[in-house]
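Top to bottom, those sequences are chains A and B. If you count the first sequence from 1, position 129 lands on 129 in this note's numbering, and the numbers rise without skipping. One rule links them: number in this note's numbering = place in the second sequence (from 1) + 1000. The next block holds one structure in the form of structure tokens; read it before the comments.
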Amino acid sequence: MATLGIESSAHTFGVGIVERGRVLANAKSMYPITDKGMIPAKVADHHIQTFKETIEQALYDSGLSMSDIDSVGYTRGPGLGPCLRVGQLAARTISERRSIPIFPVNHACAHIEITRRMAGLRSPLALYVSGGNSQIVAREKHGYHVLGETLDIGVGNMLDNFARSAKMVPAWGSSVAKSAIKGRYLPMPYTVKGMDFAFTGLLTSAAKMLGRHSVNDISHSLQETAFSMLCEATERALLLTRSRELAVCGGVAQSSRLREMLSIMSRPHGIRFGFVDDQYNSDNGAMIAYVAELMRDSGSSFQLDKCTIDQKYRIEEVEALWR
Amino acid sequence: MAMIAEGAEARLFSANVLGLDAIVKHREPKAYREKELDTRIRRSRTENEARMLYRAGAAGVPVPTVLLVSGFKLYMERINGKLLRDAITKKSLVQAGRHLAALHRAGISHGDFTTANIMVGKARVWVIDFGLSQVSNSIEEKAIDLLLMKRSLNDKGLFGFFMSGYGKGKGTKQILGRLEEVESRGRYQADRYRI
């Protein structure tokens, strides 16, 4: 009774295996990001080259064989078209060859649900922060509601972009975080509109400061400003929804500074704050398998020709029959 | 001082200023953000709010009168009434639409124009909470004011009443065009307005 989940929305090709909510395997192969960022066609090539061995690795880690897998899930979106296509094709092939049901999964929903499960939260307000997305998501009956989100780019994309401008190695957010520890605060533009926020103004201003201030100071101020914006919007959403729980998830949720700030913010309100292990915050197949299993157990079923991809698949479109 | 309300960025207390019934909006420190950034945000928002309230009042929009600004505390005239959120009528929506049009004509974007930031009094409809307002003639900012109202009303008919008050002044067509564009950016979709 095991479910295999395939994630391929961006740089990670991930394969997870889940059985009754327990993760048996979470194998990944990651496209190495260079100073040029992600070129979708090249990332898709990487996925094509590594998908077979990643699936084999997951089966090996779980101690199961393909004949033990009785349903399969894949990321339908949001994500990069050429990359999503590889995971979809792999999942459809497995489904057809083995005559097992297939489930198209929303990527944001998968991050939120695996966090809810692993952090032991019942019904948290979720701050979902990654490269492409930054959203504040509340649950509602059979679905989700986005209360606030970025008006331009995702916070992770902003940090990665700055890392590339500052020629950091590796060129992404974790390098900014390292450099930020040694920096001091400099004023930067701060953009919050109710529960929405915007990052391009901040990015432009940080890029312009390069050469005139120390990189550490810019990193520090960029990160502090961006995370403060997220905290402010989240606090507003928490008070509005009267939510008693908060979860942070997605790639940027790996930042210990962001987690610290959210924890300090929630404490005076008596809100339970939770997050999960880094392997589930970076993109992974286990969360896709986990949601595919929820979909199966709540009675959803999908015809193969309805198993499409959607680069802009919104979490509000998800019919979450399990909640 | 008795606390009246607690928002995400400030707490409201009742107060008395020279015998006048007043409220104080106090922006207290946020421990999660760095001290310099925190001080800067709280100071600039408090000063900005006082300035914007004055400017909006001068443009003929009913807003609480600023009595005193002291550090991170803003003392204002106390308004008696209900939040529009809890007292939605066609008349009050049309009036709220007129007020936003007047703000936009005066080059002010409110920044958080929702039904929770409008008060319906006995004789007038008041606009409150100018903490995120700015002097701006940007079409984008104005479109976002309309978007926030549309989202908080969450109902086409009600938003229609609001828009009948907002009217068809100079530049409205452009703003409405931008509203459509912001919504279609894929981040804001129709079903987002479902609560």
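Using N, Cα and C, we set each Cβ at its ideal position, and we do this for glycine too. The structure displayed is predicted, hence computed values, not measured ones.
Candidates the options, of which the one nearest residue i by Cα
i: Ser221/A; options: Ile69/A, Gly270/A, Arg184/A; result: Arg184/A
i: Arg1011/B; options: Ser1044/B, Phe1161/B, Ala1002/B; result: Ala1002/B
i: Ala1116/B; options: Val1182/B, Leu1153/B, Ser1136/B; result: Leu1153/B
i: Gly1071/B; options: Glu1077/B, Arg1043/B, Gly1157/B, Ala1056/B; result: Arg1043/B
i: Ala1106/B; options: Ala1059/B, Gly1171/B, Leu1074/B; result: Ala1059/B
i: Ser256/A; options: Arg236/A, Asn281/A, Ala237/A; result: Asn281/A
i: Ala320/A; options: Ala226/A, Arg139/A, Ala171/A; result: Arg139/A
i: Gly73/A; options: Ala233/A, Val291/A, Thr234/A; result: Val291/A
i: Thr49/A; options: Leu258/A, Met30/A, Ser67/A; result: Looking at the sequence shown, residue 49/A is not Thr but Gln. Of the candidates Leu258/A, Met30/A, Ser67/A, the one whose C-alpha sits nearest the C-alpha of Gln49/A is Met30/A.
i: Glu1049/B; options: Met1076/B, Arg1033/B, Glu1028/B, Gly1167/B; result: Met1076/B
i: Gly63/A; options: Lys36/A, Asp45/A, Asn106/A, Glu19/A; result: Glu19/A
i: Lys312/A; options: His11/A, Gly79/A, Pro189/A; result: Gly79/A
i: Lys42/A; options: Ala27/A, Leu84/A, Met66/A; result: Leu84/A
i: Val192/A; options: Met1163/B, Pro1062/B, Leu1148/B; result: Leu1148/B
i: Arg955/B; options: Glu1181/B, Arg1178/B, Ala1056/B, Ala1005/B; result: Because chain B spans 1001 through 1195 in this model, residue 955/B falls outside it and cannot be assessed.
Test: residue i CB closer than 9 Å to a CB of chain A
i: Leu1040/B; result: For clarity, residue 1040/B is Arg in the given sequence; the question names Leu instead. Yes - at least one Cβ of chain A is within 9 Å of the one on Arg1040/B.
i: Lys1030/B; result: yes
i: Gly1177/B; result: no
i: Asp1112/B; result: yes
i: Val1127/B; result: no
i: Ile1144/B; result: yes
i: Asn1043/B; result: In the sequence on display, residue 1043/B carries Arg and not Asn. Arg1043/B does not count as touching chain A.
i: Arg1124/B; result: no
i: Gly1165/B; result: no
i: Gly1007/B; result: yes
i: Leu1067/B; result: no
Within-9 Å CB hit, residue i to chain B
i: Ser228/A; result: yes
i: Pro189/A; result: no
i: Ile112/A; result: no
i: Tyr185/A; result: yes
i: Thr204/A; result: no
i: Ile264/A; result: yes
i: Gly194/A; result: yes
i: Glu319/A; result: no
i: Thr225/A; result: yes
i: Ser243/A; result: no
i: Cys231/A; result: yes
i: Met158/A; result: no
i: Arg236/A; result: yes
i: Leu239/A; result: yes
i: Met295/A; result: no
i: Leu151/A; result: yes
Element boundaries [beta strand (DSSP E), containing residue i]
i: Val1069/B; result: 1066-1070
i: Tyr60/A; result: Not the beta strand (DSSP E): Tyr60/A falls in the alpha helix (DSSP H), residues 40-62.
i: Tyr78/A; result: Reading the sequence as shown, one finds Pro at residue 78/A and not Tyr. Looking at the DSSP string, Pro78/A is not in any beta strand (DSSP E), and its letter there is neither H nor E.
i: Lys1090/B; result: Careful: Lys1090/B lies outside any beta strand (DSSP E), inside the alpha helix (DSSP H) at 1090-1105.
i: Ala135/A; result: Here residue 135/A is Gln; the residue named in the question, Ala, does not match the sequence. Counting along the chain, the beta strand (DSSP E) containing Gln135/A begins and ends at 134-140.
i: Asn26/A; result: 22-30
i: Glu245/A; result: 245-249
Assigned exposure category for residue i - 16 Cβ within 10 Å defines buried
i: Met176/A; result: What sits at residue 176/A in the sequence shown is Val, not Met. Counting Cβ neighbours within 10 Å, Val176/A comes out buried, since at least 16 surround it.
i: Leu304/A; result: exposed
i: Asp1086/B; result: exposed
i: Gln1095/B; result: buried
i: Asp1191/B; result: Legend: pLDDT at Asp1191/B = 39, less than 50; position of this residue unreliable, no value from coordinates given.
i: Pro1064/B; result: buried
i: Ala2/A; result: buried
i: Thr1114/B; result: buried
i: Leu203/A; result: buried
i: Gln1174/B; result: exposed
i: Asp277/A; result: exposed
i: Val169/A; result: exposed
i: Arg1027/B; result: buried
i: Ser99/A; result: exposed
Start and end residues, alpha helix (DSSP H) containing residue i
i: Val208/A; result: According to the sequence as given, residue 208/A is Lys; it is not Val. First-last of the alpha helix (DSSP H) with Lys208/A: 200-209.
i: His107/A; result: 107-118
i: Asp278/A; result: 278-281
i: Val1182/B; result: 1172-1184
i: Glu1141/B; result: 1139-1153
i: Ala180/A; result: 173-181
i: Ser228/A; result: 215-241
i: Leu1053/B; result: 1035-1058
Interface flag, residue i vs chain D, CB-CB below 9 Å
i: Leu210/A; result: Checking the listed chains, one finds no chain D in this structure; the protein chains it contains are A and B.
The region 288-303 of chain A in contact with the region 267-275 of chain A per 3-pair CB rule at 8 Å: no
For the structure I just gave you, are there three or more beta carbon pairs, one from the region 1017-1030 of chain B and one from the region 201-215 of chain A, closer than 8 Å? no
Counting Cβ pairs closer than 8 Å, one from the region 234-251 of chain A and one from the region 112-122 of chain A, do we hit at least three? Output reads yes: the region 112-122 of chain A touches the region 234-251 of chain A.
Is it a yes or a no for the region 1033-1052 of chain B touching the region 270-290 of chain A, going by three-plus beta-carbon pairs under 8 Å? no
Does the structure place the region 81-95 of chain A close enough to the region 122-141 of chain A that three or more beta carbon pairs sit under 8 Å? no
Okay, do the region 14-26 of chain A and the region 53-65 of chain A touch, 3+ Cβ pairs below 8 Å being the bar? yes
Counting Cβ pairs, one atom from each stretch, are 3 or more of them under 8 Å apart for the region 1026-1037 of chain B and the region 217-237 of chain A? yes
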